[in-house]
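Below: one structure, written as structure tokens.
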Amino acid sequence: MSGARHRLTGRLTVALPPDEAFHLFTAQGERRWVPHWEPSFPAPAADDTEPGTVFQTLDRDQTTTWIVVEATPGRRILYARVTPGVSAGTVSVVLDEAGDQSNVTVTYELTALSSGGAAHLRRFADGYPAFLAGWQDAIAETLHDDAQGPTT
537 MSGARHRLTG
547 RLTVALPPDE
557 AFHLFTAQGE
567 RRWVPHWEPS
577 FPAPAADDTE
587 PGTVFQTLDR
597 DQTTTWIVVE
607 ATPGRRILYA
617 RVTPGVSAGT
627 VSVVLDEAGD
637 QSNVTVTYEL
647 TALSSGGAAH
657 LRRFADGYPA
667 FLAGWQDAIA
677 ETLHDDAQGP
687 TT
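Under the working numbering, residues 537 to 688 are what the sequence shown spells out, in order.
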């Protein structure tokens, strides 16, 4: 599987300081801005940022298991993730203060687990800049809608 490992890093800006923006990158917090993001927890998790917390997501009939490896609230969170037969690796999110905003660096380090996984990772790598631009747009829209308050 030549080229079966990818390290992808990109940046986005969130119009909140890191202490407030951090929650947007947690298992529960992503529900606010990621369509169809429904993490399930095989064991109760009072704090979804506690290292060792496990959750699963379903996308296109593929279950991905995520594990919180480490977290510094307001600053950084690191996940390990495995999609059986597709890929395994880590995802880190680092938030840096930029005035009243956050500069967010997102790094996916993924290794393919099959030839199909290698093809999937190549497509993911090719679309990574647009993928993160989509994150930035979705978060900005969510924050804008929150600022507008409920509609009647």
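Virtual Cβ for every residue (Gly too), placed ideally from N, Cα, C.
task: Can you grab the Cα-Cα spacing for the pair Ala540 / Asp662, in whole Å?
output: Walking along the sequence shown from the start, residue 540 turns up at place 4. Walking along the sequence shown from the start, residue 662 turns up at place 126. Their backbone Cα atoms lie some 13 Å apart in a straight line.
- prompt: Buried or exposed: where does Ala634 fall if 16 or more other Cβ atoms within 10 Å of its Cβ makes it buried?
  reply: Position 98 of the sequence shown, counted from the first residue, corresponds to residue 634. Classification of Ala634: exposed, given that the 10 Å Cβ count is below 16.
- request: Please say whether Arg612 and Trp602 have beta carbons closer to each other than 8 Å?
  value: Taking the sequence shown and counting its residues from 1, the one referred to as residue 602 is at position 66. Taking the sequence shown and counting its residues from 1, the one referred to as residue 612 is at position 76. It is not a contact, given that the beta carbons lie outside the stated cut-off.
task: Would you mind working out which of Phe660, Asp595, Phe591 and Leu631 sits nearest Glu645, comparing C-alpha positions?
output: One-based indexing of the sequence shown puts residue 645 at position 109. Comparing Cα-Cα distances from Glu645 to each of Phe660, Asp595, Phe591 and Leu631, the minimum goes to Phe660.
- prompt: When DSSP labels each residue in this structure, what does Leu668 get in the three-state scheme?
  reply: Locating residue 668 in the sequence shown gives position 132, where the first residue counts as 1. Helix, per DSSP.
task: Determine, using beta carbons only, whether Val550 and Val640 come nearer to each other than 8 Å.
output: Numbered from its first residue, the sequence shown carries residue 550 at position 14. Numbered from its first residue, the sequence shown carries residue 640 at position 104. It is a contact, given that the beta carbons lie within the stated cut-off.
query: Can you check whether the CB of Trp569 is closer than 8 Å to the CB of Leu560?
result: Translated into the one-based positions of the sequence shown, residue 560 becomes position 24. Translated into the one-based positions of the sequence shown, residue 569 becomes position 33. It is a contact, given that the beta carbons lie within the stated cut-off.
- prompt: Which runs of the beta strand (DSSP E), 3 residues or longer, sit entirely within the segment 590 to 642?
  reply: If you keep only unbroken beta strand (DSSP E) runs of at least 3 residues inside the segment 590 to 642, you get 590 to 595, 598 to 608, 612 to 619 and 623 to 634.
Sequence-distant residues of the same chain with beta carbon closer than 6 Å to Asp555, five excluded per side: For the purposes of this step, residue 555 is taken as the residue at position 19 of the sequence shown. Closer than 6 Å at Cβ, skipping near neighbours: Gly610.
message: I need the DSSP call for Glu645, collapsed to helix, strand or coil.
response: Residue 645 sits at position 109 when you count from the first residue of the sequence shown. DSSP places Glu645 in strand when its eight states are reduced to three.
message: Looking only at its chain, what residues have a beta carbon closer than 8 Å to the beta carbon of Glu586, apart from the 5 residues adjacent to it on each side?
response: Position 50 of the sequence shown, counted from the start, is the residue given in the question as residue 586. Within the same chain, Glu586 has close Cβ partners Val604 and Ala607.
task: Kindly give me the distance between the Cβ atoms of Phe558 and Leu631, rounded to whole angstroms, as I take these residues to be in contact under 8 Å.
output: Translated into the one-based positions of the sequence shown, residue 558 becomes position 22. Translated into the one-based positions of the sequence shown, residue 631 becomes position 95. About 6 Å separates the two Cβ atoms, so the contact holds.
message: Residues in the same chain with beta-carbon distance under 8 Å from Thr599, minus the five sequence neighbours each way, listed in chain order, please.
response: On the sequence shown, position 63 is the one that residue 599 refers to. So the qualifying residues of the chain are Gln592, Thr593, Thr619 and Pro620.
- request: Express the C-alpha separation of His542 and Ser623 in angstroms, rounding to a whole number.
  value: Locating residue 623 in the sequence shown gives position 87, where the first residue counts as 1. Locating residue 542 in the sequence shown gives position 6, where the first residue counts as 1. Their backbone Cα atoms lie some 10 Å apart in a straight line.
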